[in-house]
Every structure is written in structure tokens, then in C-alpha cells.
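FYI, the working numbering numbers position 204 of the sequence shown as 802, with every residue one higher than the one before it.
Backbone N, C-alpha and C define an ideal beta-carbon position, used for all residues, glycine too.
It should be emphasised that the depicted structure is a prediction, and the values quoted were computed from it without experimental measurement.
Beneath this line is the structure, given in C-alpha cells, with notes to follow.
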Amino acid sequence: MFLGALVVVVNAWQPFSEMQDHGGSDDHDYFFLAGHSFIGSWGELFDLQMFIDIMEQPGYPWLLSLLSFMLGHELLVYKFMNLFFLILLAIIWYRIGLTLESSQFGRRMMLLILFLTPLWYYVFFLLKDMSIALLQSLFVLAVVQIWSVPRARSIFSASYSSFGLLLFRTPLILQNATVLIGALTSKVFARGVRGGILAPLLVGLSLLAIAVPVVMNPQVMMLFGINAEHRVIGSSAMLESSALIGERSEMNRALFPLLYLFSETTGLNPQSWRQFGSSWLRGVLALPWIFLLIPFFLLGLRWLLLPPRGAHHAKGLLAHLRQSRMFATPWSVVLLFVATSVAISWTVGDSTRWRIPDMPMVAAIAMAGWTYCGRTLRQQVLLVWIGGATMLFVLYFLLRG
Numbered sequence: 599m600f601l602g603a604l605v606v607v608v609n610a611w612q613p614f615s616e617m618q619d620h621g622g623s624d625d626h627d628y629f630f631l632a633g634h635s636f637i638g639s640w641g642e643l644f645d646l647q648m649f650i651d652i653m654e655q656p657g658y659p660w661l662l663s664l665l666s667f668m669l670g671h672e673l674l675v676y677k678f679m680n681l682f683f684l685i686l687l688a689i690i691w692y693r694i695g696l697t698l699e700s701s702q703f704g705r706r707m708m709l710l711i712l713f714l715t716p717l718w719y720y721v722f723f724l725l726k727d728m729s730i731a732l733l734q735s736l737f738v739l740a741v742v743q744i745w746s747v748p749r750a751r752s753i754f755s756a757s758y759s760s761f762g763l764l765l766f767r768t769p770l771i772l773q774n775a776t777v778l779i780g781a782l783t784s785k786v787f788a789r790g791v792r793g794g795i796l797a798p799l800l801v802g803l804s805l806l807a808i809a810v811p812v813v814m815n816p817q818v819m820m821l822f823g824i825n826a827e828h829r830v831i832g833s834s835a836m837l838e839s840s841a842l843i844g845e846r847s848e849m850n851r852a853l854f855p856l857l858y859l860f861s862e863t864t865g866l867n868p869q870s871w872r873q874f875g876s877s878w879l880r881g882v883l884a885l886p887w888i889f890l891l892i893p894f895f896l897l898g899l900r901w902l903l904l905p906p907r908g909a910h911h912a913k914g915l916l917a918h919l920r921q922s923r924m925f926a927t928p929w930s931v932v933l934l935f936v937a938t939s940v941a942i943s944w945t946v947g948d949s950t951r952w953r954i955p956d957m958p959m960v961a962a963i964a965m966a967g968w969t970y971c972g973r974t975l976r977q978q979v980l981l982v983w984i985g986g987a988t989m990l991f992v993l994y995f996l997l998r999g
């Protein structure tokens, strides 16, 4: 109810995000497309080719057209769909937290996701990033379950979430494949080749054997409404497009680690407070992330380097790594997703929208850091981080001015 009311208020104040330099904003384009009668009957509901030569990826326009067909062309209705996706995302992370740690940890994760303010921006405006975050978190849940105990339900979930992602942002299929094989390989590394350990890895390889002929075949991709050559996995056009995007990026590579962790720094810039618009809103929504979550993410990374409780003390760096939570537990799935998201963001030169799906994973590591450190240390870290970060940013902007 609280978030629904906020969506209504923001929709009345700022229906669409600010226009981009190269043309109209993405949410305005999505809304315009949804108003056209692409779906005229129930028989056309699953015709993904209706957006060929209009949109490179048919997933989000198809969802909006489906809503328009059933409920009419209404911007607020479309935004409530994104809010619904946020609620589903929180429920998925309850299940992930339950599998990783405990039911208490799962409940904390559910609340944290609901109040993960940077994600609210993608509810307030008509953007597809919430849909992508939902699909990739569903995939992470499936891989965590496959890592623990392979079941047909988890395998099916990993398959259909990846297929859904294919319709929204095709290159991220490579990330899913890397996370799946990397996480299952880490299990073999941690526990050695014993009975039952190779079964999950064989499952992952089987899934890839089925998916590869699909995502690398332009004719098959055409059936899913994807006509652009640079959206076909492994094509030369995709490699050239990726290199071109990276070259055009204006991101400061030297500050990339900070930019990636902070996600959005415009809320810390006094200049951005002169005009209240969507850019200002995105910056303000990132402030709780910067001041309250980032320090515990660093503590969470330290916690992942330690062995689980009850494990015997190992001698040597390699043996210690094999026993650490980052290899010996399903946390390896979460950590691998963050690592691959960092690699993607570096490649495309974008530390904001391309890394939105990994925000719940970063939040999970931060929640672990907050949960498993003492109350005194928790308070000290928070006070030192807020005070130190504030002073550094004030000094930076004073010197810059």
C-alpha cells in the first residue's frame, strides 16, 4: 500500500523519465508502443514476431501490449505491473535466503528487497529492468537449489527463466551460463569428485547443450521476435556492438569500483538538487544504498572468505579457499553473479542500468555481513562509514567547485 501510494504520487508529478540526448526516453517509447493494437485477439497473444523491425527485444513491449489488451491503455496500470514484479522479487529472495541460511534470514531478505530504494526507480517509471531483475533472481534461486539438491523443478525453473531473459536482454544469457557452470564447478572444487557431486555439473552441461543451438541460430531467434543480428549470441555483430558500446562510454574507468558500488552518485552532487526531476529522484533513491548497505557488503565479502561454522581448520591458502563459504556453500552462486555483473558493467562502461539485476545479490551479501557481525562492530562500522563518506564527498565537491 505504501509503495502503491508512492507510485501514484510520482506518476502525477513525473509520468516519464527525462528525455535522453539521442531521442525520447525509453519509458515514453514503451508507453507509445503499448497504445497500439498489436494484440487484436486472443489468438495473437503469443505472436512474438509482431515487434520485428520495431523493437530489438520483444519481451517488455509484449507484456505491456498484453496488459493493454486486457485492461486498456493506462500508464499507472503498467507501473503497477512493475510494482507486482518487485513484490515477486522479494518473495523469491525469501526462498533464496531460506536455502542459503535460515527462515529468519529469508524474512530479512524479503523486507530488504521491498525497501531496496534504488529498485523503486524502476517501479516509478516504465522501464524493463525490474522484469530482468525478477527473471535473473528466479534463475539464481534455481541454481542455488540445483547446487544443493538437483530436482526437476529447479532445472525447469532455470530453463524458463533463461528463456524469458532471452526476450528481454539476450546478451545476459551468457551471464546465466557462466554462473551456472561456474557455481557447479566451484562445488566440485570445494568437495572433490565424489558420489553425487558431478550430477549437478552434468545437469548444467545438459542445459547448455540444449540452449546453445537456440541462442546461436538466427533463424530460431527470429521465431522469438529477435531480428537484430547483434542480439544473436556468438555472432560477430554482437562482439562488434559490445566493443562499440564500451568505446562510446563516458564512464571514468579509474573510479569504476566506487561507481559500481555506489550505483548512482548524482544525489551527492549539490548541482543535481537545483532541479527536481527523474535524475534527481534516481540519485536520492541511491542514498540509503550508499550510506547503509555498502559498508556491510564489504563485511559480507569478508564473511564469505571464512569457512562455515563447524568446519575444521585448514592449512594452506588453497585448502582454506576450498572450505570457505564462497566455494563450499551455495553462496558461490550469489558471488559469481556479482562478479559477472562487474565484468559486464566494465565491458559496456555502464555502472547503473546494466547492473540493476545484481542489486539483490549485493544486498544479500550485505545482509549476511550485518547479520553475522556483533552489534558493537555494526554500530562502529556504520558511524565511521557515514562520517567518513560524507566528509570525503564534501571535500571532493568543494575541490571540484
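In the three-state scheme derived from DSSP, where H, G and I count as helix and E and B as strand, Lys785 is classed as helix. Within the stretch 856-924, the runs of alpha helix (DSSP H) at least 4 residues long that lie entirely inside it are, in chain order, 876-883, 892-902 and 915-921. Cβ-Cβ distances below 7 Å link Asn609 to Leu673, Leu674 and Lys677 in the same chain, with the five nearest sequence neighbours on each side left out; the list follows chain order. Between the C-alpha atoms of Leu646 and Arg829 there is a straight-line separation of about 15 Å.
For Ile831, no alpha helix (DSSP H) segment is defined, and its DSSP state is neither H nor E. With 16 or more other CB atoms across the displayed protein chains lying within 10 angstroms of its CB, Ser663 is buried. For the pair of segments examined, the stretch 753-770 was found to touch the stretch 654-668: the number of CB pairs separated by less than 8 Å reaches three. Assignment of Tyr970 by DSSP, reduced to helix, strand and coil, places it in the coil class.
Taken through DSSP and simplified to helix, strand or coil, Thr927 comes out as coil. In terms of CA proximity to Pro905, Arg923 leads the group Ser755, Leu897, Ala961 and Arg923. If you look at Val607, you'll find it in the alpha helix (DSSP H) that goes Phe600 to Trp611. For Ile779, the closest C-alpha among the options Ser759, Leu770, Leu803 and Trp691 is that of Leu803. Non-local beta-carbon contacts of Leu710 in its own chain, meaning distances under 7 Å to residues more than five positions away in sequence, involve Ala961 and Met965 in chain order. In the DSSP assignment, Asn680 falls within the unbroken alpha helix (DSSP H) covering Leu673 to Leu698. In the three-state reduction of the DSSP assignment, Asp645 falls in the coil class.
The beta carbons of Pro868 and Phe995 sit about 6 Å from each other, so the pair counts as a contact at 8 Å.
Between Thr863 and Ser877, the C-beta gap is not smaller than 7 Å, which leaves the two residues out of contact. Sequence-distant partners of Leu732 (beyond 5 residues in either direction) whose C-beta falls short of 7 Å from its own C-beta, in its chain, are Phe683, Leu686 and Leu687. Looking from the CA of Gly670, the closest CA among Asp651, His634, Met820 and Ser700 belongs to His634.
DSSP places Phe766 inside the alpha helix (DSSP H), whose first and last residues are Ala750 to Phe766. By the neighbour-count criterion, in which 16 or more other beta carbons inside 10 Å mark a residue as buried, Trp871 falls on the exposed side.
Shortest Cα-Cα distance from Ser784 to any of Trp983, Met849, Asp627 and Leu916 involves Leu916. Ser943 counts as buried, since no fewer than 16 other beta carbons sit within 10 angstroms of its beta carbon. Pairing Val777 with Leu934 gives a Cβ-Cβ distance under 7 Å. About 6 Å separates the beta carbon of Ser757 from that of Leu805, a gap short enough to meet the 8 Å contact definition. Taking the Cα positions, Leu631 is about 38 Å away from Ala750. Closest by C-alpha distance to Asp651, out of Phe822, Arg976, Arg706 and Phe991, is Phe822. When rounded, the separation of the alpha-carbon atoms in Arg706 and Thr715 is 15 Å. Comparing alpha carbon positions, the residue from Leu604, Phe614 and Gly704 closest to Leu681 is Leu604. Taken through DSSP and simplified to helix, strand or coil, His626 comes out as helix. Closest by C-alpha distance to His918, out of Tyr719, Val940 and Ala788, is Ala788.
Here Gln873 is exposed: its Cβ has fewer than 16 other Cβ atoms, across all protein chains shown, within 10 Å. Nearest Cα to Leu856 within the set Arg900, Phe889, Glu838 and Gly695: Phe889.
Straight across, the Cα-Cα distance linking Val786 with Thr927 is about 11 Å.
Inter-residue distance for Asn825 and Ile831 is about 12 Å (C-alpha atoms, whole angstroms). In this structure Ile744 touches Val801 by the C-beta definition: roughly 6 Å separates them, less than 8 Å.
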